[in-house]
Amino acid sequence: MLVSNPAVCVGRDGKFVMLYKAVCKNGMLRGGKVRFSVAFADSPTGPFVKTNKLIFQPEDPNASMVAEDPFVWYDKKCDRYFAIVRDVVRQFTGKESGGLALMESEDAVNWRPAPHPKVLPPVLHWSDGSTYDANKLSFERPFVFFDKDGIPQLLLGTFSVNNHDIRREHSFNGRVPLKITDKKD
114 MLVSNPAVCV
124 GRDGKFVMLY
134 KAVCKNGMLR
144 GGKVRFSVAF
154 ADSPTGPFVK
164 TNKLIFQPED
174 PNASMVAEDP
184 FVWYDKKCDR
194 YFAIVRDVVR
204 QFTGKESGGL
214 ALMESEDAVN
224 WRPAPHPKVL
234 PPVLHWSDGS
244 TYDANKLSFE
254 RPFVFFDKDG
264 IPQLLLGTFS
274 VNNHDIRREH
284 SFNGRVPLKI
294 TDKKD
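In my numbering, the protein residues as written are 114 to 298.
Next up, the structure:
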C-alpha cells in the first residue's frame with residue numbers, strides 16, 4: 114500500500130490504526146480530489162488492511178479537499194479515538210476558527226466533529242505581544258504532546274508566514290500550551 118500523510122496510533126485492541134491520504138486518479142499530473150481513509154494492522158510494520166471507507170468527507174462531493182494533516186490518538190479513559198485535522202475549508206469549525214478541527218470516533222472508521230471542534234482561536238496572542246492570524250495563515254502538521262498520564266499538554270505544528278504577499282514564504286515550528294477545561298457549552 115502506498116500512502117501519503119499517514120498518521121498512526123495504537124488502538125483499543127492493541128491493533129495499529131492508520132489514517133492516510135489518497136489522491137483520486139483523474140489523468141492529470143497532480144491528481145484529483147484528496148480524500149482520507151483508514152487501515153488496520155497487528156504490527157506497526159504492517160501489513161495494513163484498508164477499509165475502503167472514506168473519512169472526513171466534504172459536504173460538497175465536488176470539493177477537491179476538506180481535511181489535511183491528521184494527527185490521531187486513542188484515549189483509553191474515554192474509550193474513543195480522536196484526530197486533529199487541518200480544516201481546509203472550515204467545514205467542521207466554521208469561518209472564525211484557527212483552521213484545526215477535533216474529530217472523534219468510537220471505532221476509528223466512522224468520524225464526526227467533536228462537540229467542541231475548534232482547536233485554535235482565529236487569532237493567537239504570543240507572549241511578546243504580537244499576534245498570529247490563524248484565520249488567514251495556516252497551522253500545519255499538528256502533533257499533540259501528552260504527559261505521562263496521557264493528558265494533552267502541547268499542540269505542536271508548523272506556522273506559515275506570509276511576507277511581501279508571497280503565500281507561505283516562511284514557516285516556523287511552534288508550540289501552543291493546552292488547557293483542558295470542563296466547559297459544557
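Each residue gets a CB set at the ideal place from its N, CA and C atoms; glycine is no exception.
It should be emphasised that the depicted structure is a prediction, and the values quoted were computed from it without experimental measurement.
Looking only at its own chain, which residues have a Cβ that is under 7 angstroms from the Cβ of residue i, when we skip the five neighbours before and after it?
i	result
A221	G124, V130, V151 and Y194
F184	A120, A196, I197, P255, F256 and V257
H238	T244
Residue j and residue i - do their beta-carbons sit closer together than 8 angstroms?
i	j	result
E181	R199	yes
L132	R148	no
A247	G270	no
F272	L250	yes
V232	L268	yes
A176	V202	yes
Would you mind sorting residue i into buried or exposed? The rule is 16 or more other CB atoms within 10 Å of its CB.
i	result
I197	buried
L213	buried
V162	exposed
I264	exposed
T206	buried
F169	buried
P230	buried
K208	exposed
Taking CB distances under 8 angstroms as the criterion, tell me whether residue i reaches chain D.
i	result
E253	Judged by its chain identifiers, the structure shown contains no chain D, having just a single protein chain.
What residue does the beta strand (DSSP E) around residue i start on, and which one ends it?
i	result
N165	V162 to I168
K231	W224 to K231
C122	S117 to V123
T244	T244 to D246
K134	F129 to V136
F205	Counting along the chain, F205 falls outside any beta strand (DSSP E), and DSSP gives it neither H nor E.
Got a sec? Which residues, its chain only, sit under 6 angstroms from residue i by beta carbon, not counting five neighbours each side?
i	result
S218	Y194 and W224
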